[in-house]
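Residue numbers (the numbering used here): 3 to 119.
The C-beta atom is built at its ideal place from N, Cα and C for all residues, glycine as well.
Have a look at the structure below, then the notes.
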């Protein structure tokens, strides 16, 4: 079993930056890929970014250049640096992990990010 613990959410104003972190409880093949998803009120959950242990990163097209995912392989921890936040970024942000991108078997509880004007 892998537990994922997110932190770093909060209430910020439009244009601000915020950094989320997610730490896995154990290092296994189930944490080969770690990713961020988000779910805004009344909307479907959407992919944000993912990072392989080997170093490759992928972003949702709409967030490229504004959000940056990074990974600390020594602790199987990922970060999401979010810049120039807008009201549309308000959502619960979830961390996920899995052996491949087709199998995110583990999910965190989520951390709320609220952007106000």
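C-alpha of residue 57 to C-alpha of residue 99: approximately 15 Å in a straight line. Here the alpha carbon of residue 66 sits roughly 17 Å from the alpha carbon of residue 18. Around the beta-carbon of residue 37, 16 or more other beta-carbon atoms lie within 10 Å, marking it buried. Per the C-alpha coordinates, the member of 23, 87, 112 and 42 positioned closest to residue 16 is 87. Following the DSSP letters along the chain, one finds residue 100 inside the beta strand (DSSP E) bounded by residues 93 to 100. A straight line joining the alpha-carbon of residue 25 with that of residue 32 spans about 13 Å.
A Cβ-Cβ distance of about 26 Å is found for the pair residue 119 and residue 81, leaving them out of contact under the 8 Å criterion.
Rounded to whole angstroms, the separation of the alpha carbons of residue 104 and residue 114 is 25 Å. Taken through DSSP and simplified to helix, strand or coil, residue 78 comes out as coil.
The alpha-carbon separation between residue 106 and residue 45 amounts to approximately 20 Å.
With a cutoff of 8 Å on beta-carbon distance, residue 93 and residue 21 are scored as not near each other.
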